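Colleague: Input: one structure, supplied below.
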Amino acid sequence: MSVKYIPVQWNPNKWYYDAALLAGVVLFLWVFIYLTPGALGHDRPINPQIHNARAFGACAFLMLTVILCIGPLARLDRRFLPLLYNRRHFGVLTCAVALTHAFYVLNWYFAFSATDKYAAVLEANTSYGQLAGFPFESLGIFALLCLLILAATSHDFWLKFLTPPVWKSLHYLIYPAYAAIVGHVALGALQDQQNLTFAWIVCVGAGLVAGLHVAAALKEQLAGDYEGGGGDWIDICATSAMTEGYAKIAQLPDGDRVAVYLNEGRLSALSNACAHQNGPLGEGKIINCLVTCPWHGFQYNVTNGRAPAPFTEKVPTYRVRVENGTVMVHRQANPPGTYVEPVPLPSAEGAV
Amino acid sequence: MKKAPFFVGYLPVPRDLRVFLWIICALLVVGAGAAGYAVGSTQDNPGDGAFRFDYGRQTVTGVIELTPLPLLHVTEGNDRIPAGRTLMMTAGGKAGVPDRAAPLEGQLATVSGVLLERGDLDMLQLRGGQGGLRAAEGDAPAVTPEPLGRWKLTGEICDGKCLAGAMRPGRGLAHKACANLCLTGGIPPVFVSTQPVEGAEYLMVTGPDGTAMPDAAYDRVGQFITVEAEITRHGDLLVMAIDPATMEVSD
Ligand code: FES
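Chains S and Z, in that order, are what the protein sequence lines are. For the first sequence, the working numbering assigns the number 1 to the initial residue and increments by one for each residue that follows. For the second sequence, the working numbering assigns the number 353 to the initial residue and increments by one for each residue that follows.
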C-alpha cells in the first residue's frame, strides 16, 4: 500500500480520534485533580503530590483497560473497528500518563533522602517473599518499561524494521504489562483504601478485559474452525454461507488463518494476516476487486495477494475448490503474490 | 454482521457508523470524567497530621538520651512543649539526628525546629547544623527509664515522621517503601497500637537490649502485626523493645 515508512498518514478521522482521546484524558485528570479535593472534605488535604500521583496512576490504568477492550470488542462487533484504527496514539498517550505518575511517586516518596531516588525505589523495600507488603513498585516499573518499549517502537519504521511478526509478538508485551499493573494496584493502592470504589473499578476493568478476550476467542472458534479430517483440503463452510464482497475466515491445522472471498461470484483465498500489521484481512471488504484491510486500509488484489502498483506488499494465497456444496482450501499456502485462478461458486453461477 | 458499515481509515466514515462512533466517543469522554470523580472523591481521609508551621519555631532545652535513637527530655520548655515532655526528633527530609545527638548523650542540649503533630503523637524536625541542635550550659539531671514489663501488642510499625504528618497519608502498605527509607535514614519508628498502653496509642520502637529496630522488622513495616515487647517509660514517652522472634502477621 505504500513504499515509505509513513504508509498511514494524517487524515480527518485521526484528528477526531485524537481529539476525543485527549478530551477524555484531560477531563479525567481535571476532575480528579481540581474538582475532587473540594468534594473530599478532609480535615487536612491529601498531599498534592500524592493526589496527583493517584490521578495519573488511575488514569493510566483505565486507559490501558480501554485499549485492551478495543481489540476483542472489534472482533465481536466490527463497528468498533475504527477505535482500533488509531490505537497506537492511545498507547503512546497512556505511556506518557504512566510516566507522569512515576515521576510524581519518585519525586515524593523517594526524594528527600540521602539515598539516590532511583536506587531507593529498588532498595527501600525488598520483601519479595510476601504478598502483603510486596514491593509493588517493581511491578509498576516493569509495566512502565513495557509501555516505553511499545511506545518507542510504535512507529511504522519499527514495524518494517522488525518485520510484522516480530513487531506483533513484541507488542504482546502489553498483556504482561497489564497483568503487572493490576498486581501493582492490588498490592499497593488497594491495600490501604477503606473505601472500595477504586477496588471495584479495578476488578470490573480487569474482568472486562479478560471476559471480552475469552468471548472474542470463543466466537472465532465457533465461527472459524471448519477443519475437516486430516487431509490436505480443509473444509471452510457451505457454499451458501458465502456473501458477495466478503470473506469467511477459518483456522488451518498449522494455526494460520485463511480468508476465502467471494468476488463477482468467484472464490479466492488469501492469508488472513495483512502485510502491514497483521490486521484481519478477512474482516475487510472487497472494494473494486481489491481486498481492503479493515485496520488501516491496505489493499490487495484478491486473485494474487499483491498490493496495486506502486505498492509492493504481498500476502500468501491459497488454492480453493468446491465439493458437495462445501468450500475447501488447500492447507499449503502459496508464496506471497502467487496468482490463483478464481473458482466459480456453483450456486451463484449465472446469478452475478 | 454482513451489513455492518465498512470503515476504512482514510475514507469518510459511513453515516450509520458515524452516529455509532459519536455515541461511543461521547460515552467514553463522559465516562472518563465520571471515573475521575468516582476515584478522586472516594479517597480515604489521611488524618490530621501536619507540620505545624503555624506554631512558629520551637526552641527548648533538655537532656539527650540514646535509645539508641536520640530522645530529648525537656527541662526548659515553652508553652507548647513544657518541661517534662519527651521529644522524638528528626532532621529535614528522610533523615534522623542520631549522628548529631550521639556526642551529647546524657548532656544538656538546646534544640530548635518545627513541630509535627498528629493527635497525641508529635516530633520535632530540627533545623540544620548548630541552629538545630547544640550543647547547652548547665548540669544535666539523670534520666532513668521505668520498666513496665513485657507486653503483647497488636498494631502497625510506621515511620514516625510521615505518620505524624510529614506525608498525608503517611502509613500503610502502599507507603511501606517510603517508610523503610525514612527508617533507614534514622527517623524513629513508631508503633500504632490498637490497644492503648497506659494511655499511649503511639510507642517508639527499638530492638531488644538497647539495639536499633532489627532488620527483620522492616519486612513487617506497614502491616498489621502482633509482637511481644519490653516496654519502658522514658519521661512521658513509651518505648517498646520488640522481640523479633515473636512478630506475627495478624488478621
Ligand atoms: S492495513 Fe494495517 S494491518 Fe492491515
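By construction, the Cβ of each residue, glycine as well, lies at the ideal position given by its N, Cα and C atoms. As the structure is a prediction and not an experimental result, all values here were calculated from the model.
(1) Heavy atom of ligand 1 less than 7 Å from the Cβ of residue 155 of chain S, yes or no?
(2) When you compare the CB positions of residue 65 of chain S and residue 205 of chain S, do they come within less than 8 Å of one another, or not?
(3) Report the CB separation of residue 384 of chain Z from residue 28 of chain S in whole angstroms; it is logged as a contact under 8 Å.
(4) Since I believe residue 409 of chain Z is in contact with residue 463 of chain Z (beta carbons under 8 Å), could you give me their beta-carbon distance rounded to a whole number of angstroms?
(5) Assess, as a yes-or-no matter, whether the stretch 139-152 of chain S is touched by the stretch 90-100 of chain S under the definition of 3 or more beta carbon pairs within less than 8 Å.
(6) When you compare only the Cα positions, how much space is there between residue 173 of chain S and residue 457 of chain Z?
(7) Considering only heavy atoms of ligand 1, does any lie closer than 7 Å to the CB of residue 233 of chain S?
(8) Please confirm whether residue 538 of chain Z and residue 447 of chain Z have their CB atoms less than 8 Å apart.
(9) Is the Cβ of residue 377 of chain Z closer than 8 Å to any Cβ of chain S?
(10) Which residues share a DSSP beta bridge with residue 235 of chain S?
(11) Going along the stretch 126-152 of chain S in order, which residues come within less than 9 Å of chain Z, judged by CB to CB distance?
(12) DSSP three-state label for residue 499 of chain Z, please.
(13) Given that residue 198 of chain S touches chain Z, what residues does it touch there, using C-beta distances under 9 Å?
(14) Comparing the C-beta of residue 352 of chain S with each C-beta of chain Z, is any distance below 8 Å?
(15) Out of S:324, S:21 and S:132, point me to the one whose CA is closest to residue 94 of chain S's CA.
(16) Whose C-alpha, out of Z:558, Z:501, Z:497 and Z:523, is nearest the C-alpha of residue 470 of chain Z?
(17) Once you ignore the five residues that flank residue 336 of chain S on each side, which residues in its own chain have a CB closer than 7 Å to its CB?
(18) At which residues does the beta strand (DSSP E) containing residue 545 of chain Z begin and terminate?
(19) Closer than 7 Å, Cβ to Cβ, to anything on chain S: give me those residues from the stretch 423-456 of chain Z, in chain order.
(20) Looking at residue 343 of chain S and residue 320 of chain S, is the spacing between their C-beta atoms short of 8 Å?
(21) Have a look at Z:484, Z:398, Z:405 and Z:388 and flag the residue whose alpha-carbon is nearest the alpha-carbon of residue 60 of chain S.
(22) Using a threshold of 7 Å, is the CB atom of residue 395 of chain Z nearer than that to any non-hydrogen atom of ligand 1?
(23) Can you list, in chain order, every residue whose CB sits closer than 6 Å to a heavy atom of ligand 1?
(24) Residue 484 of chain Z to residue 69 of chain S, Cα distance in whole Å?
(25) So residue 287 of chain S is in the alpha helix (DSSP H); what residue range does that whole segment cover?
(26) 8 Å is my cut-off, CB to CB: does residue 336 of chain S come that close to chain Z?
(27) How far does the alpha helix (DSSP H) with residue 183 of chain S in it extend, from its first residue to its last?
(28) The beta strand (DSSP E) spanning residue 138 of chain S covers which residue range?
(29) Quick check: the Cα distance between residue 180 of chain S and residue 571 of chain Z, rounded to an integer number of angstroms?
(30) Is residue 484 of chain Z helix, strand or coil by DSSP?
(31) By DSSP, does residue 586 of chain Z sit in helix, in strand, or in coil?
(32) Assign residue 282 of chain S to buried or exposed, taking buried as 16 or more other Cβ atoms, counted over all protein chains shown, within 10 Å of its Cβ.
(33) For residue 554 of chain Z, write down the residues that DSSP places opposite it in a beta bridge.
(34) Using DSSP's beta-bridge definition, name the partner residues of residue 594 of chain Z.
(35) Report the rounded CA-to-CA distance for residue 151 of chain S versus residue 158 of chain S, giving the unit in angstroms.
(36) Under 8 Å between the Cβ atoms of residue 244 of chain S and residue 75 of chain S?
Modeller: Let's see:
(1) no
(2) yes
(3) 4 Å
(4) Not really, about 11 Å apart at Cβ, beyond 8 Å.
(5) yes
(6) 57 Å
(7) no
(8) yes
(9) yes
(10) S:328
(11) 126, 127, 129, 130, 132, 133, 134, 135, 136 and 137
(12) strand
(13) 390, 391, 394 and 395
(14) Below a pLDDT of 50, predicted positions are generally treated as unreliable, and residue 352 of chain S, at 36, falls in that range; no measurement from the model is reported.
(15) S:21
(16) Z:523
(17) 305, 314, 315 and 316
(18) 541-549
(19) 445, 446 and 447
(20) yes
(21) Z:388
(22) no
(23) S:274, S:276, S:277, S:279, S:293, S:295, S:296, S:297 and S:298
(24) 57 Å
(25) No alpha helix (DSSP H) holds residue 287 of chain S; the beta strand (DSSP E) holding it covers 285-287.
(26) no
(27) 174-187
(28) Segment 136-152 is the alpha helix (DSSP H) holding residue 138 of chain S; no beta strand (DSSP E) there.
(29) 22 Å
(30) coil
(31) strand
(32) buried
(33) Z:544
(34) Z:581
(35) 11 Å
(36) no
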